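Chemist:
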Amino acid sequence: MKATAPHWKYVQLLACAITWFGKLHKQKKLASEHNALWWHFAFKWRASLESIVRAFIAGQYRFGPMIQYQMPGETVLMWDYPDRLVTSLLLTSIKSTFKQIISATCMHLRGPNGVRESIASIQTAMNHQPYRYVMRLDIKGYYASIDRKILFEQIKQHYDDARVIDTFKQVIFHAIDNGGNVTVPEKGIPRRSSLSPFLGALYLSPIDRAFENRQGIFYVRYMDDFIIMAQTKAQYVRARKILFKLLRSLKLKLSPRKSRMGRLMDGFHFLGANFQVSRNIWQKNQAVTITMHDRSCRRALDKVQTMTQDAVNPATRQRYIMQWAAWWALALSQKESLYTYINHWIKFCLGQNTVPRDITLLGLGLLIKQTFT
1 MKATAPHWKY VQLLACAITW FGKLHKQKKL ASEHNALWWH FAFKWRASLE SIVRAFIAGQ
61 YRFGPMIQYQ MPGETVLMWD YPDRLVTSLL LTSIKSTFKQ IISATCMHLR GPNGVRESIA
121 SIQTAMNHQP YRYVMRLDIK GYYASIDRKI LFEQIKQHYD DARVIDTFKQ VIFHAIDNGG
181 NVTVPEKGIP RRSSLSPFLG ALYLSPIDRA FENRQGIFYV RYMDDFIIMA QTKAQYVRAR
241 KILFKLLRSL KLKLSPRKSR MGRLMDGFHF LGANFQVSRN IWQKNQAVTI TMHDRSCRRA
301 LDKVQTMTQD AVNPATRQRY IMQWAAWWAL ALSQKESLYT YINHWIKFCL GQNTVPRDIT
361 LLGLGLLIKQ TFT
């Protein structure tokens with residue numbers, strides 16, 4: 001099905017460009033970052049924005065290669081600032097088409113709410129249907145493994161507008177400048193582009209469509225992590241065959257370390273939550289228990305340690321942990337409060353022999369407050 005053609009309104013797109021510039025300019029000031037490329041772009045920002053928007057609407061804008069930077073522990077690809085602006089404008093132009101193109105079983109385009117909705121949908125499904133088999137799946141090197149030709153054919157399948165197709169062609173088949181050595185790989189899309197979540201959703205859409213309404217099957221996906229549950233062994237075997245056939249057609253492989261297939265009785269983890277099943281063999285029903293996975297605590301600890309190294313105010317670190325705990329309290333339970341999750345996190349830190357003092361005092365203070373109020 002072709003998506004509705006986007007509206008190419010100059011005034012609306014220019015307003016989006018100005019908003020984009022304002023947010024980025026504020027970030028640069030807050031970071032006190034010396035960035036020659038940014039300040040060169042910002043020096044004549046209004047004329048730059050107007051000319052870029054007009055070129056984008058006319059279908060005449062041309063991208064430069066992505067610049068490759070070596071960061072500690074990773075290689076990063078970044079667009080120049082005019083190119084980043086155009087990817088943002090393209091995203092604004094096509095966002096209204098997402099519901100037509102992307103299956104409702106793909107959750108990550110909904111942002112953080114997508115995690116909560118995924119967890120809630122799994123819990124509801126397990127409480128109401130006798131699922132016996134599960135596939136907890138993760139694509140190996142997903143962004144780097146995306147075949148550019150297949151992805152571009154998917155774009156052409158869904159869009160008729162020549163300007164949309166041409167801009168996506170430049171984004172998908174981007175060149176990479178590594179210190180003057182310019183190459184055009186056959187695979188891979190950038191992780192930090194504003195269009196990457198959409199392209200990541202689109203590429204796996206054939207799998208979404210194959211399982212979204214299949215009888216006896218539950219399916220949900222968040223980026224390249226997905227869950228397939230089956231009620232019977234026959235349904236499970238059939239689902240596996242369909243899955244591997246589609247993965248082959250998309251030239252993708254599963255991560256052996258992060259993927260698991262088998263009976264549901266052992267439980268599984270997904271999006272930072274543990275799902276455990278207990279069954280009453282006499283009544284033939286099941287109850288689902290959801291807890292926070294240690295990996296979620298690990299990520300929060302890493303974040304706090306980074307903030308500590310950057311000399312972030314202790315009150316800001318405490319506020320981060322309170323917001324983190326409140327988010328998980330809302331995502332996993334309507335009964336337990338954020339105090340429970342703060343103390344759970346502190347116990348995890350104790351097990352790692354690393355407990356930020358100001359966070360420990362926060363947890364103790366909240367526990368005392370909860371006890372005497």
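Residue numbers are given in this note's numbering: position 371 of the sequence shown equals residue 371, and the series is strictly consecutive.
Each residue gets a CB set at the ideal place from its N, CA and C atoms; glycine is no exception.
Please read these numbers as outputs of a predicted model, since none were measured by experiment.
1. Pull the bridge partners of GLU74 from the DSSP assignment, please.
2. Closer than 8 Å by C-beta to VAL115: which residues in its own chain qualify, once you throw out the five before and the five after it? Chain order, please.
3. Where TYR143 and PRO190 are concerned, what is the direct C-alpha to C-alpha distance, given to the nearest angstrom?
4. Apart from the five residues on each side of it in sequence, which residues of its chain come closer than 7 Å, Cβ to Cβ, to LYS187?
5. Indicate whether GLU212 and THR105 have their beta-carbon atoms separated by less than 9 Å.
6. Between which residues of its own chain and TYR69 is the CB-CB distance below 7 Å, once the five residues before and five after are set aside?
7. In angstroms, rounded to a whole number, what distance separates the CA positions of SER32 and LYS26?
8. For GLY262, list the residues DSSP reports as bridge partners.
9. Run through the DSSP bridge pairs and tell me what CYS106 is partnered with.
10. What's the C-alpha gap between TYR131 and MET292?
11. Give the secondary structure of THR183 by DSSP, where H, G and I count as helix, E and B as strand, and everything else as coil.
12. To the nearest angstrom, report how far apart THR376 and ASP161 are at their CA atoms.
13. Determine the closest residue to GLY64 out of LEU137, THR183 and HIS40, with distance taken between C-alpha atoms.
14. Can you have a look at TRP328 and say buried or exposed, based on whether 16 or more other CB atoms are within 10 angstroms of its CB?
15. Tell me whether SER32 sits in a helix, a strand or coil according to DSSP, three-state version.
16. When we look at the beta-carbon of ASP208 and count the other beta-carbons within 10 Å, is it buried (16 or more) or exposed?
17. Which residue marks the beginning of the alpha helix (DSSP H) containing HIS158, and which one marks its end?
18. Give me, in chain order, the residues of the same chain whose beta-carbon lies closer than 6 Å to that of ASP302; leave out the 5 immediate sequence neighbours on both sides.
19. Please report the distance separating the alpha-carbon of THR308 from that of ARG295.
20. So, do the segment 150-158 and the segment 48-60 have three or more beta carbon pairs nearer to each other than 8 Å?
21. Is GLN276 helix, strand or coil by DSSP?
22. Quick one, are the C-beta atoms of ILE228 and LEU137 less than 9 Å apart?
Modeler: In short:
1. MET71.
2. In chain order, MET107, TYR222, LEU271, GLY272 and ALA331 place their CB closer than 8 Å to the CB of VAL115, counting only its own chain and leaving out the 5 sequence neighbours on each side.
3. C-alpha separation (whole angstroms): 7 Å.
4. Answer for LYS187: ALA144, SER145, ILE146, ASP147 and ARG148, listed in chain order.
5. In contact: GLU212 and THR105 (Cβ atoms closer than 9 Å).
6. Excluding sequence neighbours, TYR69 sits near VAL76 and MET78.
7. Bear in mind that a pLDDT of 45 at SER32, under 50, signals an unreliable position, so the model cannot answer this.
8. VAL134, per the DSSP bridge assignment.
9. Per DSSP, the beta bridge partners of CYS106 are ARG221.
10. Rounded to the nearest angstrom, the two C-alpha atoms are 22 Å apart.
11. Secondary structure at THR183: strand, using DSSP grouped into helix, strand and coil.
12. Examination of residue 376 is not possible in this model, given that the chain is present from 1 through 373 alone.
13. Cα-wise, what sits closest to GLY64 is THR183.
14. Around the beta-carbon of TRP328, 16 or more other beta-carbon atoms lie within 10 Å, marking it buried.
15. Only weak support is given to the placement of SER32: the predicted model assigns it a pLDDT of 45, under 50, and the value that follows is read from those uncertain coordinates. In this structure, DSSP gives SER32 a state outside helix and strand, which the three-state scheme calls coil.
16. Counting every other CB atom within 10 Å of its CB across the protein chains shown gives ASP208 a total of 16 or more, marking it as buried.
17. Taken as a continuous stretch (DSSP letters only), the alpha helix (DSSP H) holding HIS158 covers 148-158.
18. Closer than 6 Å at Cβ, skipping near neighbours: no residue.
19. Just so you know, the alpha carbons of THR308 and ARG295 end up roughly 20 Å apart.
20. With a cut-off of 8 Å, the segment 48-60 and the segment 150-158 do not count as touching, because too few Cβ pairs lie within range.
21. If DSSP states are grouped into helix, strand and coil, GLN276 belongs with the strands.
22. Cβ atoms of ILE228 and LEU137: closer than 9 Å.
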